[in-house]
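*Asks:*
Numbering (our numbering), first residue to last: -4 to 150.
(1) Excluding five sequence neighbours on each side, which residues of the same chain lie with their C-beta closer than 8 Å to the C-beta of residue 138?
(2) Leaving out five residues before and five after residue 114 in sequence, what residues of the same chain have Cβ atoms less than 7 Å from its Cβ?
(3) Quick check: the Cα distance between residue 142 and residue 123, rounded to an integer number of angstroms?
(4) In the DSSP output, which residue or residues are listed as bridge partners for residue 125?
(5) How far does the beta strand (DSSP E) with residue 76 in it extend, from its first residue to its last?
(6) Which one or two residues does DSSP pair with residue 44 in a beta bridge?
(7) Is residue 129 close to chain D? Criterion is C-beta to C-beta, closer than 8 Å.
(8) How many angstroms separate the CA atom of residue 121 from the CA atom of residue 92?
(9) Which of the three DSSP states is assigned to residue 87 in this structure?
(10) Would residue 74 pass as a contact of residue 65 if the rule is Cβ separation under 8 Å?
(11) Among residues of its own chain, excluding the 5 on either side of residue 71, which ones have a beta-carbon nearer than 7 Å to its beta-carbon?
(12) Note down the Cα distance separating residue 11 from residue 50, rounded to an integer number of angstroms.
(13) Grouping DSSP H, G and I as helix and E and B as strand, with all else coil, what is residue 14?
(14) Just to confirm, are residue 45 and residue -2 a CB contact at a threshold of 8 Å?
(15) Verify whether the separation of the beta carbon atoms of residue 1 and residue 40 is less than 8 Å.
(16) Helix, strand or coil, according to DSSP, for residue 68 in the structure here?
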């Protein structure tokens, strides 16, 4: 089983992020976020990853959103938002993305994500459902949601 680790915010992590094929794509780039928060070996980061040996091979940003920003779940509560999940191409289809999402689910909070193009099948497999689209709330995004027991999506 692959272990998910909270990534330190430092220059080593910045270099590791550059190995991801799609790191320059705006929707997957974590470099701006990392640069904005960089301080040597800061551990309180929203970045999580999986290493195989000494190589970072899968990563995601995981943000905790406050109850006041919840327009998706019943009852209203804090929730997690998954951003920019990515697995290096040669490590795809090995369960690494699944392991990252299982880690996020272990917090037992509802989860929202805005899937990249062509990734809906993965999110559906992970138990996420499309949010009922709200033009004002979603602003052109197509969020997908996951609910722990006792929580439902707002309609």
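Backbone N, C-alpha and C define an ideal beta-carbon position, used for all residues, glycine too.
*Replies:* Based on what the coordinates show:
(1) Sequence-distant partners of residue 138 (beyond 5 residues in either direction) whose C-beta falls short of 8 Å from its own C-beta, in its chain, are 67, 107, 108, 109, 125, 126.
(2) Excluding residues within five positions, none has a Cβ falling inside 7 Å.
(3) So the two alpha carbons sit approximately 8 Å from each other.
(4) 139.
(5) Here the beta strand (DSSP E) through residue 76 covers 74 to 82.
(6) When DSSP reads this structure, residue 44 sits in a beta bridge with 0, 54.
(7) Annotation note: the requested chain D is absent from the structure, which comprises a single protein chain.
(8) Roughly 10 Å separates the two Cα atoms.
(9) Correct three-state label for residue 87: coil.
(10) Their beta carbons are under 8 Å apart, which means residue 74 touches residue 65 by this criterion.
(11) Within the same chain, residue 71 has close Cβ partners 62, 65.
(12) Cα to Cα, the separation comes out at about 8 Å.
(13) Coil, per DSSP.
(14) Using a Cβ distance threshold of 8 Å, residue 45 and residue -2 count as a contacting pair.
(15) A contact, by the Cβ cut-off of 8 Å.
(16) Three-state DSSP puts residue 68 in a strand.
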